[in-house]
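Here is the structure we will look at, set down as structure tokens.
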Amino acid sequence: MISGEATFTEAHNTRDQAGIGLIAGRVTASLSGARTPRDTFRRPAFGAQSTLMASKLRLVVSATVTLAVLFAAVGVALIGTGHLSRLSILISVTAVVYLAVAFVGAAILRTQPHSRTGWIFLISGTAAPIASALNAAADVGAQVGRIDAASWIYLAQTPFSLLSVPLMATFGILLFPDRRLDTRRRRVLGRVFAVELLVLLVWALLSPESIDVPGLYNPIGVPGADVLVISVLLVGPLSLLACISLWRFARRDTGPYTPALRTAARVSFVVPASYIACVIAGFTSGDTAPIAVLENCAAIAVGAAAWIGIARHGLFDTRTVLNRALVYGFLSLALVAVYLIVVVSLGLFFGGLVPQVVAAVMAALAVLPLRDLVQRRINQLVYGLRDDPAAAFARLGDRLDAAGAPEDILPAAVRTVAEALRLPYVAIEVGGKVLCRHGRALPGETEALPLPFAGETIGHLMLQTRSGGDFSADERRLLADLTKQVAVAARAVVLTQALQSSRQRLVTTREEERRRLRRDLHDGLGPTLAGIALGIDTVRRATPPDGSVAELLARLREATESAVDDIRRLVYDLRPPILDELGLAGAVREQAVRLGVASIDVPEALPSLPAAVEVAAYRIAVEALTNAARHAPGTPVSVQLAVNSRLELSIADGGAGLPDGYRAGVGLNSMRERAAELGGLCVVSRRDPCGTIVRAEFPLFEEAL
Numbered sequence: 001m002i003s004g005e006a007t008f009t010e011a012h013n014t015r016d017q018a019g020i021g022l023i024a025g026r027v028t029a030s031l032s033g034a035r036t037p038r039d040t041f042r043r044p045a046f047g048a049q050s051t052l053m054a055s056k057l058r059l060v061v062s063a064t065v066t067l068a069v070l071f072a073a074v075g076v077a078l079i080g081t082g083h084l085s086r087l088s089i090l091i092s093v094t095a096v097v098y099l100a101v102a103f104v105g106a107a108i109l110r111t112q113p114h115s116r117t118g119w120i121f122l123i124s125g126t127a128a129p130i131a132s133a134l135n136a137a138a139d140v141g142a143q144v145g146r147i148d149a150a151s152w153i154y155l156a157q158t159p160f161s162l163l164s165v166p167l168m169a170t171f172g173i174l175l176f177p178d179r180r181l182d183t184r185r186r187r188v189l190g191r192v193f194a195v196e197l198l199v200l201l202v203w204a205l206l207s208p209e210s211i212d213v214p215g216l217y218n219p220i221g222v223p224g225a226d227v228l229v230i231s232v233l234l235v236g237p238l239s240l241l242a243c244i245s246l247w248r249f250a251r252r253d254t255g256p257y258t259p260a261l262r263t264a265a266r267v268s269f270v271v272p273a274s275y276i277a278c279v280i281a282g283f284t285s286g287d288t289a290p291i292a293v294l295e296n297c298a299a300i301a302v303g304a305a306a307w308i309g310i311a312r313h314g315l316f317d318t319r320t321v322l323n324r325a326l327v328y329g330f331l332s333l334a335l336v337a338v339y340l341i342v343v344v345s346l347g348l349f350f351g352g353l354v355p356q357v358v359a360a361v362m363a364a365l366a367v368l369p370l371r372d373l374v375q376r377r378i379n380q381l382v383y384g385l386r387d388d389p390a391a392a393f394a395r396l397g398d399r400l401d402a403a404g405a406p407e408d409i410l411p412a413a414v415r416t417v418a419e420a421l422r423l424p425y426v427a428i429e430v431g432g433k434v435l436c437r438h439g440r441a442l443p444g445e446t447e448a449l450p451l452p453f454a455g456e457t458i459g460h461l462m463l464q465t466r467s468g469g470d471f472s473a474d475e476r477r478l479l480a481d482l483t484k485q486v487a488v489a490a491r492a493v494v495l496t497q498a499l500q501s502s503r504q505r506l507v508t509t510r511e512e513e514r515r516r517l518r519r520d521l522h523d524g525l526g527p528t529l530a531g532i533a534l535g536i537d538t539v540r541r542a543t544p545p546d547g548s549v550a551e552l553l554a555r556l557r558e559a560t561e562s563a564v565d566d567i568r569r570l571v572y573d574l575r576p577p578i579l580d581e582l583g584l585a586g587a588v589r590e591q592a593v594r595l596g597v598a599s600i601d602v603p604e605a606l607p608s609l610p611a612a613v614e615v616a617a618y619r620i621a622v623e624a625l626t627n628a629a630r631h632a633p634g635t636p637v638s639v640q641l642a643v644n645s646r647l648e649l650s651i652a653d654g655g656a657g658l659p660d661g662y663r664a665g666v667g668l669n670s671m672r673e674r675a676a677e678l679g680g681l682c683v684v685s686r687r688d689p690c691g692t693i694v695r696a697e698f699p700l701f702e703e704a705l
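Below, the structure written as structure tokens:
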């Protein structure tokens with residue numbers, strides 16, 4: 001026989017797994033105002049009266065989800081009594097994971113109050129924790145010997161168990177995602193499902209064999225009702241018909257959500273498979289425990305999938321419900337704990353109602369002072385620093401102060417804003433370009449808050465709440481103050497980046513001009529002076545050696561040679577000639593070979609590089625190799641040069657390493673400055689286990705500009 005506790009979990013959770021992907025896309029599309037295929041989840045136009053009704057409906061939905069959370073907390077609290085069986089403990093834990101189903105239903109109903117799918121999710125997700133808590137209470141009553149009360153409690157959970165799984169396994173799959181009973185086959189299935197659920201309810205209420213908790217009985221059991229057990233056996237086949245209907249619908253669908261719908265249709269077949277497997281296991285073993293374990297393990301997996309769907313797609317702003325549930329759940333647990341401790345302690349010395357009365361008073365006196373403290377802590381956990389602006393500003397200041405480089409400032413700022421208000425996505429946009437972001441944008445609209453600086457808007461702070469809804473008044477005030485601080489940081493970073501970009505362009509233009517001048521001097525003026533010197537030699541040979549003309553020609557020859565030497569020196573100072581002769585790779589390799597480097601990992605050829613990058617990398621390599629030869633003679637030195645998205649240079653030696661408290665000299669500072677001019681980085685550090693390593697990275701030309 002299939003237990004009611006075990007039954008509610010499998011189909012309901014598996015149903016949720018089937019629908020979570022598609023529901024995610026369609027609900028978030030609805031939140032963003034987009035229209036979906038077949039006008040799914042149409043947004044109603046509310047008048048004044050409709051708006052009031054919608055407000056009341058949202059209150060009902062929130063209250064229902066809160067009720068589900070509280071009953072799940074009660075089921076978990078009863079575990080602490082030590083009187084629950086393993087099956088009841090498993091069901092209570094599963095109900096906590098299963099809360100995601102109610103959250104998904106509430107997410108749908110927030111925008112589509114008349115959605116059948118939303119109501120099915122909400123009812124099933126709420127009924128399951130209620131059934132779990134009542135089942136746990138009945139189990140506790142059976143363990144302590146209160147059989148009559150426990151039997152009635154168990155009977156009370158029966159309708160809630162049927163509203164969870166069988167409802168999802170039949171109408172949930174049949175109507176998913178937004179279908180109606182508008183075809184003959186669907187209408188027939190709807191009538192059959194309604195009869196099946198009614199018969200199943202009658203069997204669960206009247207059959208003496210429907211209660212599986214040892215020691216309990218059905219107080220309203222009718223012996224002849226056992227024949228209705230056939231309704232349990234029919235759930236699986238009827239659910240299979242619903243799955244086939246959904247699969248046929250998914251195959252005909254051609255909208256953008258077709259892949260998600262077909263995935264949901266395939267996964268939905270797990271529901272009838274679970275029912276049929278449970279029936280087979282029940283007939284073969286006669287033991288419901290393995291069935292329950294199997295069903296609840298699947299429920300945990302499906303519930304986890306629902307939680308992932310909520311977190312990933314932002315289906316439901318759980319903060320309000322979570323805040324209330326945590327506050328009242330914690331206070332309830334504290335109340336129960338104090339009450340039980342006092343009752344047990346006083347029960348050792350007093351009889352009658354004295355322990356209960358004193359325990360109730362003590363529990364109230366102990367819990368009431370905790371409310372404000374618990375509320376503050378949970379508000380900070382759920383809402384962040386909304387109620388403590390000073391702490392938010394202090395955290396922002398600390399993060400900005402700890403940022404070691406300009407590129408770390410804005411990421412620190414957006415991370416602080418996201419953490420201060422528990423936002424899933426925060427970004428800074430300046431000039432139409434997103435400079436940095438924190439988190440991942442959820443489907444739906446993103447709100448843009450202006451970043452004011454010196455009377456103008458320099459950019460926007462892009463924000464998104466988890467529900468896609470609006471911010472509260474307190475959050476607005478905090479954001480208004482935070483954006484002013486973020487704007488100052490953003491302005492400073494933008495100016496720094498602009499200055500760095502200008503510096504890079506100047507250095508790049510300078511080196512390109514030097515390369516052009518060197519080429520002109522080497523290929524133009526140099527040969528011209530050499531030709532003049534040859535002409536002077538020719539004239540000198542034709543002139544008598546003892547005249548004044550010969551002396552003048554000799555002086556001209558010396559001046560020409562001096563000019564050629566000056567040209568050569570200028571050419572070398574403008575740009576090392578070896579770079580034009582061998583390229584950067586060959587120049588570094590030649591310098592390394594000349595100094596006897598043990599390991600050289602330099603490619604044969606590099607792609608075309610900017611002149612500034614070539615010169616800076618070569619100068620750094622020469623300086624690093626010279627330092628290695630001077631300070632670590634005879635030790636192995638390795639050179640690596642590679643181009644990925646950036647030019648990377650690494651030179652390591654096996655010497656004693658940098659001394660403690662060393663101060664960088666002219667050479668090291670020069671290397672760092674050469675890299676910084678081009679937006680690169682040069683780091684000199686100790687090498688494990690010994691030695692020194694110099695790492696330099698340069699952005700390529702497009703990235704540098």
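Quick note on UniProt numbering: the sequence shown kicks off at 1 and runs consecutively. Just so it is clear, CB atoms sit at the ideal spot from N, CA and C, and this is done for glycine as well.
Length of the line joining the Cα atoms of residue i and residue j
| i | j | result |
| --- | --- | --- |
| D371 | F330 | Looking at the sequence shown, residue 371 is not Asp but Arg. Taking the straight line from one Cα to the other gives about 9 Å. |
| P577 | V571 | 7 Å |
| F698 | V622 | 16 Å |
| A277 | P237 | 11 Å |
| E475 | R386 | 6 Å |
| F269 | V96 | 24 Å |
| G431 | A490 | 12 Å |
| A107 | L606 | 56 Å |
| A585 | S670 | 21 Å |
| R540 | L529 | 16 Å |
| V227 | V61 | 38 Å |
| E447 | F121 | 29 Å |
| F349 | Y339 | 16 Å |
| V507 | V615 | 11 Å |
| A68 | A127 | 7 Å |
| residue 706 | L482 | The structure shown does not extend to residue 706, since the chain is modelled only from 1 to 705, so the question has no answer here. |
| V434 | V683 | 29 Å |
Per-residue burial, residue i [other beta carbons within 10 Å of its own, 16 or more giving buried]
| i | result |
| --- | --- |
| T560 | buried |
| A73 | buried |
| A656 | exposed |
| N135 | buried |
| H438 | buried |
| F171 | buried |
| P369 | exposed |
| P214 | exposed |
| D660 | exposed |
| G397 | exposed |
| L705 | Confidence at L705 is low in this model, with a pLDDT of 37, below 50, so the placement of that residue is unreliable and no value is reported for it. |
| P610 | buried |
| V344 | exposed |
| F283 | exposed |
| P129 | buried |
| I230 | exposed |
| V195 | exposed |
Integer Cβ distance of residue i from residue j, believed to fall under 8 Å
| i | j | result |
| --- | --- | --- |
| I620 | L579 | With 8 Å as the limit, I620 and L579 do not qualify as a contact, their Cβ atoms being about 13 Å apart. |
| V426 | L463 | 6 Å |
| V101 | S124 | 6 Å |
| R395 | T416 | 6 Å |
| L174 | G190 | 7 Å |
| L668 | A675 | With a Cβ gap of about 11 Å, L668 and A675 do not count as contacting. |
Those residues which DSSP pairs with residue i across a bridge
| i | result |
| --- | --- |
| R646 | P699 |
| S638 | S599 and A652 |
| I693 | A652 and S685 |
| V434 | E429 |
Contact with chain C by residue i, beta-carbon distance below 8 Å
| i | result |
| --- | --- |
| V235 | Judged by its chain identifiers, the structure shown contains no chain C, having just a single protein chain. |
- Message: Does the contact criterion of 3 or more C-beta pairs under 8 Å hold for the region 241-250 versus the region 204-219?
- Response: With fewer than three CB-CB distances shorter than 8 Å, the region 241-250 does not count as touching the region 204-219.
- Query: Would you call the region 90-99 and the region 146-157 touching, i.e. three or more CB-CB distances under 8 Å?
  - Reply: Touching, no, given that fewer than three Cβ pairs across the two stretches are closer than 8 Å.
- Item | Three CB pairs or more closer than 8 Å across the region 643-659 and the region 614-631 | Output reads yes: the region 614-631 touches the region 643-659.
- Message: Taking 8 Å as the cut-off, does the region 592-605 touch the region 631-646 (at least 3 CB pairs, one atom from each stretch)?
- Response: Yes, the region 631-646 is in contact with the region 592-605.
- Report yes or no: do three or more beta-carbon pairs, one from the region 179-189 and one from the region 136-145, lie closer than 8 Å? Output reads no: the region 136-145 does not touch the region 179-189.
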